[in-house]
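To start, the structure under review is shown below, and the notes come after it.
2 protein chains.
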Amino acid sequence: MRQTRRVETVPRRANQVATLRALRAAAPARLTQLHRDTGLSRPTVEAAVGELLDAGWAVQIDPDPEVASPGRPARRYVFNARAGYALGVDLAPHRVLARLTDLDGVTVGEFQAAVDPSDDRATVLSALRYAARRCLAQAGVPDTALCAVGVASPGVVGRDGTVLFSVLPGWAGQNLAEELSGDFPCPVLVENDSNLAAVAEHWRGSIKGSDDALAVLSGLRTGAGLILGGRLHRGNAGAAGETGALPQLGWARAQDRILAFPGLPADVPQADRAERVFAMARAGDEAALSAIDAYTADLAEGIAAIVLTVDPEVVVLCGGFWSSADLLLEPLRAHLEPLCLVVPRLVVSSLGDTSATLGAVRIALGRLEQVLYDADLPLPVPPVRR
Amino acid sequence: MRQTRRVETVPRRANQVATLRALRAAAPARLTQLHRDTGLSRPTVEAAVGELLDAGWAVQIDPDPEVASPGRPARRYVFNARAGYALGVDLAPHRVLARLTDLDGVTVGEFQAAVDPSDDRATVLSALRYAARRCLAQAGVPDTALCAVGVASPGVVGRDGTVLFSVLPGWAGQNLAEELSGDFPCPVLVENDSNLAAVAEHWRGSIKGSDDALAVLSGLRTGAGLILGGRLHRGNAGAAGETGALPQLGWARAQDRILAFPGLPADVPQADRAERVFAMARAGDEAALSAIDAYTADLAEGIAAIVLTVDPEVVVLCGGFWSSADLLLEPLRAHLEPLCLVVPRLVVSSLGDTSATLGAVRIALGRLEQVLYDADLPLPVPPVRR
Chain W
1 MRQTRRVETV PRRANQVATL RALRAAAPAR LTQLHRDTGL SRPTVEAAVG ELLDAGWAVQ
61 IDPDPEVASP GRPARRYVFN ARAGYALGVD LAPHRVLARL TDLDGVTVGE FQAAVDPSDD
121 RATVLSALRY AARRCLAQAG VPDTALCAVG VASPGVVGRD GTVLFSVLPG WAGQNLAEEL
181 SGDFPCPVLV ENDSNLAAVA EHWRGSIKGS DDALAVLSGL RTGAGLILGG RLHRGNAGAA
241 GETGALPQLG WARAQDRILA FPGLPADVPQ ADRAERVFAM ARAGDEAALS AIDAYTADLA
301 EGIAAIVLTV DPEVVVLCGG FWSSADLLLE PLRAHLEPLC LVVPRLVVSS LGDTSATLGA
361 VRIALGRLEQ VLYDADLPLP VPPVRR
Chain U
1 MRQTRRVETV PRRANQVATL RALRAAAPAR LTQLHRDTGL SRPTVEAAVG ELLDAGWAVQ
61 IDPDPEVASP GRPARRYVFN ARAGYALGVD LAPHRVLARL TDLDGVTVGE FQAAVDPSDD
121 RATVLSALRY AARRCLAQAG VPDTALCAVG VASPGVVGRD GTVLFSVLPG WAGQNLAEEL
181 SGDFPCPVLV ENDSNLAAVA EHWRGSIKGS DDALAVLSGL RTGAGLILGG RLHRGNAGAA
241 GETGALPQLG WARAQDRILA FPGLPADVPQ ADRAERVFAM ARAGDEAALS AIDAYTADLA
301 EGIAAIVLTV DPEVVVLCGG FWSSADLLLE PLRAHLEPLC LVVPRLVVSS LGDTSATLGA
361 VRIALGRLEQ VLYDADLPLP VPPVRR
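Protein chains in written order, with the UniProt record's numbering: chain W, 1 to 386; chain U, 1 to 386.
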């Protein structure tokens, strides 16, 4: 169903928004194309492009040498992806990973700081600040050039950035966004890590184009993020995807099938145990293969509960165990078969184990777009010009 | 984010659609109000109203005697809710319930035919046809006046009306919609009964205005329907809400806690057993109260899995046990508390145990609206004029 409405006046800012959207979609575009794509008159588009050039949101590039056109070659324009930067940080159990991208989401820097699952909150926050700072410094980008910072955190995150529940001691009840607000001269957004993995996989990973999909974070922690109707489904309190909290399902014990594998010497550090079990399985060790089978059986119980509830088109496996997905996929499928009425497609992340980090970048970019595309707000100053 | 688009021409049909929408929302409306609500010019609105009057989709009513206005009183118009009818039929375990409504969803007839859970498919279909025919006959409405028929069926229903899975023997693999297409001179739509209960509760029941809600069908069968983002969430294959199929959760055995209650003589017929247990509990029978507690504990496991997965704002209890919800609500809440991170609001259906029937009416009306509100299709002939 559609609504037909007469729009009598199109103010200047709305023309900028329409032109910006067309410019980002076309990349690069000539005035003729922008005129066609926006439905705006040619002088209107030309004026809007002029304003975007002046502000620094668009740049003119050389005419396309491939296109032979009579007379003066047509000028081409692109969105200025270096008008600002986005920073995404993921608080994983054994590492804090920061990634810096331009406004097209192209990575310009990355930095990783080691942590331990037993580290206290203050230590994890110091790692976060350190990874973020080093990432910026190595790329030569000042923090004033950031449009926003996104943080992927374990636990349920409320709308205002307060962590409502967390497996990490000391995290619940703290407003992480507020706590970090003094560290960066831009908005800081916090979201659950599994939710952000789902966002990234939907943006440019293995579930791109799927409107109903489940992302399962498989690793030292197990979590789920849902894309429903083409958008992240956070739930009413931000607590969607927490199916694993139900003791009747297998997620609470799943990781221990691998981490506490008795075939491994007790002195192997926790950070290395999973890789060792996977290596043994690859070498044909029956006990290691059984441990993996038991892990996927537990994983399947929680996945089945989610699949039966929302019936997604596809399930993507991401997280720390991603690099061993070849060992997980078939047993997981076998355990899902008898539990699900309809078994969805099962795929592996194409983003490695960095999907939560990339999802954090995405919400930072989303924050900029909120302002950039709101015709009721003035055209913002690009972060690099601040 | 919004998109601004210049709409150069508004064709006649689009004006009709805008006027119809405004007319249905206002009920009744004067031309001045329709002019204001649609944003269309007064002559355009007047022309559209004239076309709708001619076609039979609108009727003129007497001027409001309460409003004193100088000169000639302004004419008032309403949508013609008797331009057609919608029929909804629910295939419940012990009865087939048919409800006939006008196009505003106001009930004009109802008929119930008894069935038994052990009845074969042919018997249930004969009851469906009988209930539908008697409902029409008693109301004096010919079947040609129907815009569509909606059927609430147990089981997973595919997009084309094929029942994919069902607890009822002989139902899976059959296309119910196709099978009934020869019985009515209008489209027949089939949807899962729990899904339709959710649709009805969201339309005019206890979850009206809630965009993320769970409807739980509690009765001789247990089922779930989800409203997410303000719409029914069917899932990719129509299999959403089938959480109860997971044996790890309690839904498969839940009803038996009550139906197989040992404190009841074995010769009490199945249709009366639940009511008898609820009556004993009301009289203070400890064993009956325990059976109800065990039932709600089982129910809570499946509800918790759904709540943890999608985090709805509210859960509405509907279905056959609705009239005993006073006995169920508190134990259910107590069992949900330890299982859920965030316990949603818990409410009881305001539609009695007819929510699936009303949901079937709603999808029949939805089918008409698809045609009525599509500006690319010609204005349909009202069913009563066919």
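Quick reminder that beta carbons are idealized off the backbone N, C-alpha and C, glycines included.
Any chain U beta carbon closer than 9 angstroms to residue i
{"i": "residue 419(W)", "result": "Because residue 419(W) is not part of the residues shown, which for chain W are 1 to 386, the question remains open."}
{"i": "H335(W)", "result": "no"}
Cβ neighbour criterion (16 or more within 10 Å) applied to residue i
{"i": "E242(U)", "result": "buried"}
{"i": "Q370(W)", "result": "exposed"}
{"i": "V106(U)", "result": "exposed"}
{"i": "T32(W)", "result": "exposed"}
{"i": "T354(W)", "result": "buried"}
{"i": "I61(W)", "result": "exposed"}
{"i": "G140(W)", "result": "exposed"}
{"i": "G173(W)", "result": "exposed"}
{"i": "E16(W)", "result": "The question names Glu, but residue 16(W) is Gln in the sequence shown. Label assigned to Q16(W): buried."}
{"i": "A274(U)", "result": "buried"}
{"i": "V45(W)", "result": "buried"}
Proximal chain W residues relative to residue i, where beta-carbon distance stays under 9 angstroms
{"i": "D311(U)", "result": "V156, H233, R234, G235, N236, A237, G238, A239, A240, G241, E242"}
{"i": "V342(U)", "result": "V156, L164, F165, G235, N236, A237, G238, A239, E242"}
{"i": "L20(U)", "result": "Simply none; closest approach about 11 angstroms."}
C-beta neighbour in chain W for residue i, strict 9 angstroms
{"i": "F165(U)", "result": "yes"}
{"i": "D212(U)", "result": "yes"}
{"i": "A86(U)", "result": "no"}
{"i": "A224(U)", "result": "yes"}
Within chain W, the residues that residue i reaches when beta carbons sit closer than 7 angstroms
{"i": "Q248(U)", "result": "Q248, L249, E301"}
Any chain C beta carbon closer than 9 angstroms to residue i
{"i": "I207(U)", "result": "Reference to chain C is not applicable here, since the protein chains of this structure are W and U."}
Chain-ordered chain U contacts of residue i [CB-CB under 8 angstroms]
{"i": "L196(W)", "result": "Chain U residues near L196(W): none, gap ~16 angstroms exceeds 8 angstroms."}
{"i": "I306(W)", "result": "T309"}
Contacts of residue i in chain U (Cβ-Cβ under 9 angstroms)
{"i": "L125(W)", "result": "Residues of chain U passing the Cβ test: none, with the nearest at roughly 24 angstroms."}
{"i": "A245(W)", "result": "A304, L308, L339, C340, L341"}
{"i": "L228(W)", "result": "L228, G229, H233, V310"}
DSSP bridge partner residues for residue i (one or two, in chain order)
{"i": "Q370(U)", "result": "Q370(U) pairs with nothing; no bridge assigned."}
{"i": "Q60(W)", "result": "Y77(W)"}
{"i": "S153(W)", "result": "N192(W)"}
{"i": "V89(W)", "result": "A98(W), V151(W)"}
{"i": "A114(U)", "result": "R95(U)"}
{"i": "T107(W)", "result": "T101(W)"}
message = I'd like the ranges of any beta strand (DSSP E) spanning at least 3 consecutive residues and lying wholly in the region 203-290 of chain U.
response = Scanning the region 203-290 of chain U for uninterrupted beta strand (DSSP E) segments of 3 residues or longer gives 213-217, 223-228, listed from N- to C-terminal end.
request  = Identify every run of the beta strand (DSSP E) within the region 305-381 of chain U, keeping only runs that are complete inside it and at least 3 residues long; order them along the chain.
outcome  = Whole beta strand (DSSP E) segments, 3+ residues: 314-318, 345-348.
ask   = Which whole runs of the beta strand (DSSP E) in the region 132-184 of chain U are 3 residues long or more, in chain order?
value = Entirely contained in the region 132-184 of chain U, the beta strand (DSSP E) runs reaching 3 residues are, in chain order, 146-153, 163-165.
Secondary structure, alpha helix (DSSP H): runs of 4+ residues fully inside the UniProt domain "HTH iclR-type" (20-60) of chain W = Listed in chain order, the alpha helix (DSSP H) runs fully inside the UniProt domain "HTH iclR-type" (20-60) of chain W are 31-38, 42-55, counting runs of at least 4 residues.
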